[in-house]
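For the sequence shown, the numbering used here assigns the number 1 to the initial residue and increments by one for each residue that follows.
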Amino acid sequence: MFRSYDDIKREYEYIRQADQLRYDEKKELIYSQNPELKKMDLAIIKSYLNIGTARIDKQPIDKLEKELDDLKKEREKYLKEHNINDDYKELKYVCDKCKDTGYVNGHKCSCFVQKEIELFDNISHFSKYIKDDNFENLDLSFYNQSGIVVGDKTYKEYMKEYVEEFKEMVANMDKKPFSLLLIGATGTGKTFIARCMGAMALKNNKSVLYVNVNEYLNSLKPDYEGEPLKYYAVNCDLFILDDLGTERITDYTNTEINYIIDKRLNDKKSTIITTNLVPDQIAEEYLGSTHSRLENAFYNCYLAGDDLRRLKNVSI
Ligand SMILES: [Zn+2]
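Okay, structure coming up:
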């Protein structure tokens, strides 16, 4: 069970050790059954070394190259006659894409993301929600009940369009990372929407960290058992911070919230924040930069409730 990035790092070390062990064992077995082959392989290595030395000494290498060629042919003949596959000399990986390093060209390999998904789930237990909270279970008639009209649309039509947009955001998050602020009072379904998006991202093999703002801030305290969630919030593909505004707001919490919002925006990573605060309250409660990021860099979506009525000039 992964509890930290160090656990994943260790797992890759084990995998690579096992790769090496398998390779050594297979080679040893083949050599023990075919001592001639071992001699040939050693002769070939020696021949390469001789050519290298001759090159450095500026000596003729034609004869040596011919020798090497003969050795290779002799070996090939032997392999064929004894029905031995040449790949015993190749290291076999569990994941060919990243050669069991976890990274391809500096980017996380899909096998690493799988481990990361497991790690984040051990930390935030997000998977327990996705059985119920997913777009397949979203019943748009829920949005009918309020009887709210937004402009010339019923609230259901208004939400239907939003839901399509939300799905697109998640589907395209690789190419186009998104930052979404879901604003709405308790009971308007903002957490449900955030979880639906998280469930979809998870289905698309993205690592998702879902945390409540209080849980997040508590993890930064020195007496917290385990690693601060900040570390994972920086690294996950999709970070969901639930219930912003329910924490006790201080300069310290302000700075921490500002840090993670800024960091994710700068790193071009997707983030969803849900809040029951209306923008006026956000402006009042949070430092200037957090407020302006949430207002300008985040896509603001209002979910029905008194807030929506006030903000969007809607009629009932
Ligand atoms: Zn891999």
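Glycine is no exception: its CB is placed at the ideal position from the N, C-alpha and C atoms. The structure displayed is predicted, hence computed values, not measured ones.
Closest to Asp-317 by C-alpha separation, out of Ile-15, Asp-262, Gly-245 and Ala-194, would be which residue?
Past the edges of the chain, shown from 1 to 316, lies residue 317, and the structure says nothing about it.
How is the beta strand (DSSP E) around Leu-182 delimited, first residue to last?
Leu-182 -> beta strand (DSSP E) spans 179-183.
Counting C-beta neighbours from all protein chains within 10 Å, is the total for Gly-198 16 or more, i.e. buried, or is it exposed?
By the 10 Å Cβ count, Gly-198 comes out buried.
Using only CA atoms, which one of Thr-275, Val-278 and Ser-270 lies nearest to Lys-175?
That would be Ser-270, whose Cα lies nearest to the Cα of Lys-175.
Pick helix, strand or coil for His-82, following the three-state DSSP scheme.
His-82 falls in the coil class under three-state DSSP.
Counting pairs of beta carbons, one from the stretch 278-294 and one from the stretch 251-270, are three or more of them closer than 8 Å?
Yes, the stretch 278-294 is in contact with the stretch 251-270.
Hey, which unbroken runs of the alpha helix (DSSP H) at 4 residues or more fall wholly within the stretch 104-146?
Here the runs fully enclosed are 110-124 and 127-130.
Confirm, please, whether the CB-CB distance from Leu-217 to Thr-253 is below 8 Å.
Yes, Cβ-Cβ distance for Thr-253 and Leu-217 is below 8 Å.
Check whether the stretch 26-35 touches the stretch 77-89, counting contact only when three or more Cβ pairs, one atom from each stretch, lie closer than 8 Å.
Yes: the two stretches touch, three or more of their Cβ pairs being nearer than 8 Å.
In whole angstroms, what separates the C-alpha of Glu-118 from that of Thr-274?
One C-alpha to the other measures close to 24 Å.
Which of helix, strand or coil does DSSP assign to Phe-239?
Three-state result, Phe-239: strand.
How far does the beta strand (DSSP E) with Tyr-302 in it reach, from first residue to last?
Per DSSP, Tyr-302 belongs to the beta strand (DSSP E) from 299-302.
Can you say whether Asp-133 is buried or exposed, counting buried as having 16 or more other CB atoms within 10 angstroms of its CB?
So Asp-133 ends up on the buried side.
Here's the rule: buried if 16 or more other CB atoms are within 10 angstroms of the residue's CB, otherwise exposed. What is Tyr-302?
Tyr-302 is buried by the Cβ-count criterion.
Is Tyr-224 helix, strand or coil by DSSP?
Here Tyr-224 sits in coil by DSSP.
Is the distance from the Cβ of Tyr-158 to the Cβ of Val-150 below 8 Å?
For Tyr-158 and Val-150, yes; Cβs fall inside 8 Å.
Rounded to a whole number of angstroms, what is the C-alpha to C-alpha distance between Glu-225 and Ile-240?
Those two C-alpha atoms are separated by around 21 Å.
Based on DSSP bridge pairs, tell me the residues matched to Val-150.
Looking at the DSSP assignment, Val-150 forms a beta bridge with Lys-153.
Closer than 5 Å is what we want: which residues have a beta carbon that near any heavy atom of ligand 1? List them in chain order.
Here the list is Cys-95, Lys-97, Cys-98, Cys-109 and Cys-111.
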